[in-house]
Amino acid sequence: MVAVSLGTETDGSIICPSDFNGVVGIKPTVGLTSRAGVIIISPRQDTIGPICRTVSDAVYVLDEIVGFDPRDAEATRDAEKFFPRDGYKQFLKADGLQGKRLGIVRKPFFNFPKGSVFAQAFEEHFNTLRQRGAVLVDNLEIANISSILDHSRSGEQMTMLAEFKIALNSYLSDLVTSPVRSLADIIAFNENHPDQERMKDLGQEKLLESEETSGINEEVRKAIENMERLSRDGFEKLMIENQLDAMVTPRASASSVLAIGGYPAINVPAGYGSDGLPFGICFGGLRGSEPKLIEIAYAFEQATKIRKPPSFKHIHVASSTHSDL
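Note that my numbering has the sequence shown beginning at 57, numbered continuously upward.
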């Protein structure tokens, strides 16, 4: 096993595996870390962040990977204003929950059966957050949440398909040597090597859909504007009007809310189900709010100390229906 790792999130790919594996994942504000050298899906949404055993480990890694990079100049330059002068380690405070305002959006995120392991665990966690000095603002709602969580209605799916083709072709064109130079080349390679590429099992429907796109056209621009509006009238309005430091949600259930606006989040281990599989709690905030999120996540972790090192006595295979593309 490894001490630390890095993940790339478009919509859930740091928060979700951290949740399922009982570890800490930090999804930084888009632009806080460089995407140079990474095959990204969406330059608006993709962000690189640490997946580690503890909040402290993850924060130490985050301090090493943030900063301006001329190879990802536009995004990292825009996020430079968020970098704290003395780094992020200074926010590892055991009393970091004191005075924090945390928003609880029960519908549709906390729809657990009454008396279930999940329901009991999160009610206990809410009590812990209060006891450690946080103010919980309960039963909040995000405007147009059903549209935000539906990738087709929000415009996220359409936009990702168009952006992926552009990003992949750019990545491949920069390689010194490569048997493929475009998405079209990859599709052809897969068709010519169906057994090797497991075409019967995996197919390449999304690749074909992406290849059919024609750049950032008027339809895609409208989809991007729709996501900006949904973020502004939804998550941002919730945070600002209620003067929240973070939104609290279970598992990776709010990944799309955070993804379409490029917002940061931290997943922290929150418990183990009746099947022994881990689950996490997610703290999400506005762009650049990593200092507050780190204080909240670290204080929660230190108050609960839920994570157990894996024993490997029983191997469980967990699957997620989530897919970035």
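Where is the CB? At the ideal position from N, CA and C, for every residue including glycine.
| query | result |
| --- | --- |
| I'd like to check one pair, V79 with P325: are the Cβ atoms closer than 8 Å? | yes |
| Beta-carbon separation of A315 and D151 under 8 Å? | no |
| In whole angstroms, what is the alpha-carbon distance linking A92 and D128? | 6 Å |
| Quick one: Cα of A114 to Cα of L258, how far? | 33 Å |
| Note down the Cα distance separating S74 from G336, rounded to an integer number of angstroms. | 8 Å |
| Are the beta-carbon atoms of I322 and I107 separated by less than 8 Å? | no |
| Within its chain, find whatever has a CB closer than 7 Å to the CB of A199; leave out the 5 residues flanking it on each side and keep chain order. | D289, G290, K293 |
| Distance check for N183 and T360, CA to CA, integer angstroms please. | 11 Å |
| When DSSP builds the beta bridges, which residues end up paired with L62? | P106 |
| What residues match up with T305 in a beta bridge as DSSP calls it? | C338 |
| Which stretch, first to last residue, makes up the beta strand (DSSP E) that contains L148? | Careful: L148 lies outside any beta strand (DSSP E) and carries neither H nor E. |
| Please report the distance separating the alpha-carbon of T110 from that of S203. | 34 Å |
| State the beta-bridge partners of A321 as determined by DSSP. | K83, G340 |
| Give the secondary structure of G290 by DSSP, where H, G and I count as helix, E and B as strand, and everything else as coil. | helix |
| For a minimum of 4 consecutive residues, which ranges assigned as the alpha helix (DSSP H) are wholly contained in the stretch 211-267? | 212-230, 239-248, 255-258, 261-267 |
| Could you please give the first and the last residue of the uninterrupted beta strand (DSSP E) stretch that includes R127? | That residue, R127, is in no beta strand (DSSP E); it is neither H nor E in DSSP. |
| With DSSP collapsed to three states, give me the class of I96. | coil |
| Could you have a look at I160 and say whether DSSP puts it in helix, strand or coil? | strand |
| Pull the bridge partners of T269 from the DSSP assignment, please. | Beta-bridge pairing links T269 to no other residue. |
| Would E352 and G327 be called neighbours here (beta carbons separated by less than 8 Å)? | Correcting the residue identity first, residue 352 is Ile in this sequence and not Glu. Cβ distance not < 8 Å, so I352 and G327 don't count as in contact. |
| With H, G and I counted as helix, E and B as strand and the rest as coil, what does DSSP make of A175? | helix |
| Which of the three DSSP states, helix, strand or coil, is assigned to L300? | coil |
| If you follow the beta strand (DSSP E) that L192 is in, where does it begin and where does it stop? | 191-193 |
| Buried or exposed: K221, going by 16 or more other Cβ atoms within 10 Å of its Cβ? | buried |
| Buried or exposed, going by whether 16 or more other CB atoms sit within 10 Å of the CB of T233? | exposed |
| Just to check my reading of the structure: A103 and V86 have Cβ atoms closer than 8 Å, yes? What is that Cβ distance to the nearest angstrom? | Before going further, note that residue 103 is Thr rather than Ala in the sequence given. With 8 Å as the limit, T103 and V86 qualify as a contact, their Cβ atoms being about 5 Å apart. |
| Report the partner residues of T184 according to the DSSP bridge assignment. | Paired residues: none, contrary to the question. |
| Just to confirm, is the Cβ distance from I160 to V304 under 8 Å? | yes |
| Ends of the alpha helix (DSSP H) at T360? | 346-360 |
| Could you tell me whether the Cβ atoms of L192 and N298 are closer together than 8 Å? | no |
| Going by DSSP, what residues sit across from Y116 in a beta bridge? | Partner(s): none; Y116 has no beta bridge. |
| Would you mind sorting E274 into buried or exposed? The rule is 16 or more other CB atoms within 10 Å of its CB. | exposed |
| Can you check which of these residues, M295, L286, G332, is closest to L205 by C-alpha distance? | L286 |
| Could you tell me if D230 is buried or exposed, where buried requires 16 or more neighbouring beta carbons within 10 angstroms of its beta carbon? | exposed |
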